[in-house]
Amino acid sequence: MGRGRVELKRIENKINRQVTFAKRRNGLLKKAYELSVLCDAEVALIIFSNRGKLYEFCSSSRSCDFTQFDFCCFHI
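Per full-length UniProt numbering, residue 1 is the first one in the sequence shown, and the count goes up by one each step.
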């Protein structure tokens with residue numbers, strides 16, 4: 001049996017929020033890497049923290065040149 005659904009809402013405790021961000025960020029980076037390896041796909045991932053710090057992943061061996069990607073912004 002799997003876990004039940006978790007209600008998504010902002011984590012009020014600052015330290016818990018930062019810990020959760022770090023764990024989920026690392027999980028996303030790992031999944032992006034796995035997708036690029038398993039499917040031989042070019043993957044680019046950009047994450048900004050709430051303080052504006054940039055985290056990025058690029059699957060190609062050359063440095064991340066995001067001009068090669070067509071960006072499409074989705075607002076939820």
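Note that the Cβ used here is the ideal one computed from N, Cα and C, for glycine as well. Everything numeric in this text was worked out from a predicted model, so none of it was measured.
Beta-carbon separation (whole angstroms), residue i vs residue j, contact threshold 8 Å
i: I47; j: R25; result: 6 Å
i: L35; j: A44; result: Their Cβ separation, rounded to whole angstroms, is 11 Å, which puts L35 and A44 out of contact at 8 Å.
The alpha helix (DSSP H) enclosing residue i, as first and last residue numbers
i: I15; result: K14 to C39
Residue i vs residue j beta-carbon contact at 7 Å
i: A32; j: F57; result: yes
Closest by C-alpha distance to residue i, when choosing among the options
i: R51; options: V37, K14, G27 and L29; result: K14
i: L54; options: K9, L38, L29 and S60; result: L29
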